[in-house]
Every structure is written in structure tokens, then in C-alpha cells.
């Protein structure tokens with residue numbers, strides 16, 4: 001039975017990347033996921049273990065992962081959310097040509113640097129976030 005744990009931004013990032021990789025292969029391997037996301041194989045292995053516990057993927061004897069029916073539904077749902085949000089942002093910002101380069105980040109250590117080069121910031125509305133954005137003049 002699938003675990004009903006909420007997905008984090010990091011989980012969703014993995015799911016979207018894995019769904020894209022799945023289109024071009026018959027299974028998902030740690031090394032391919034790590035290369036696609038620019039992460040280490042141990043990090044990917046840990047996330048895949050979390051996804052197994054959540055009922056999102058299964059692994060075969062050789063360690064090749066594949067989506068469960070539940071996992072496929074979740075991945076498709078978030079893929080649709082991403083496409084819808086991308087379309088909305090393209091409509092609102094027609095001059096923004098590289099919306100596909102948008103990233104979901106779990107935590108940013110160099111917040112000021114990232115905010116300075118960003119065209120749009122979607123973030124929580126905590127007091128510190130609003131202060132940081134205001135101080136940058138955005």
C-alpha cells in the first residue's frame with residue numbers, strides 16, 4: 001500500500017527527471033538519474049529507497065527502477081502541473097524565452113546571489129523572504 005507522505009520539492013524534482021528519463025529507456029538506473037540531476041549516485045540511491053518506501057517505484061534484481069501504478073499517476077500529475085505552470089508563466093511573461101530552465105530548489109545557501117539573477121521569484125511569504133526580496137529592489 002502506498003505511503004501518503006507529502007512530497008517535497010526535492011522529491012518532485014526527482015520525479016520529473018525520472019519521468020523524462022523513462023521515455024528514453026526501459027528502466028531507471030541510479031547512474032542515469034544522477035547524471036541528469038547533477039547529483040551523486042549515493043544521493044540518488046537514498047531517494048530511490050524513499051520512493052520504494054512510499055510505493056512510488058519498484059526495483060528489480062539488477063537495481064533497475066520502474067514506476068509503480070501509483071508512482072506513475074503521481075509523476076504524471078506533477079508533470080501536468082509543471083506544464084500548466086510553464087504555460088501560465090509564458091502567457092504572463094511572453095518575453096521570457098527560457099521558462100523550461102526554471103528550477104525547483106529545496107534550499108538555497110546563496111540566496112542573495114540567486115535572487116539577483118532571477119527574473120521571477122516564487123517563494124513563501126515569510127517576513128525574512130519579503131525582507132530579502134525588498135532589499136534587492138525586486
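Residue numbers (the working numbering): 1 to 138. Using N, Cα and C, we set each Cβ at its ideal position, and we do this for glycine too. Please read all numbers here as calculations on a predicted model, not as lab measurements.
For the beta strand (DSSP E) that residue i lies in, which residues bound it at each end?
i	result
residue 57	57-59
From the DSSP output, in three-state form, read off residue i for me.
i	result
residue 65	strand
residue 48	helix
residue 28	strand
residue 42	helix
residue 81	helix
residue 71	helix
Just curious, the alpha helix (DSSP H) that residue i is in, first and last residue?
i	result
residue 15	9-22
residue 134	127-135
So, is residue i buried or exposed, given that buried needs 16 or more other C-beta atoms within 10 angstroms?
i	result
residue 117	exposed
residue 1	Note that residue 1 has pLDDT 43, beneath the 50 cutoff, so the model's placement of it is unreliable and no number is given.
residue 15	buried
residue 13	buried
residue 18	buried
residue 3	Reliability of the predicted coordinates at residue 3 is poor, the pLDDT of 49 falling under 50, and no value is obtained from them.
residue 35	exposed
Checklist entry - Counting pairs of Cβ atoms below 8 Å between the region 20-38 and the region 61-70, do you hit three or more? => result yes
Checklist entry - Three or more beta-carbon pairs under 8 Å between the region 66-83 and the region 42-57, yes or no? => result Touching, yes, given that three or more Cβ pairs across the two stretches are closer than 8 Å.
Item to check | Stretch pair the region 86-94 + the region 43-53: three plus CB contacts closer than 8 Å | outcome: no
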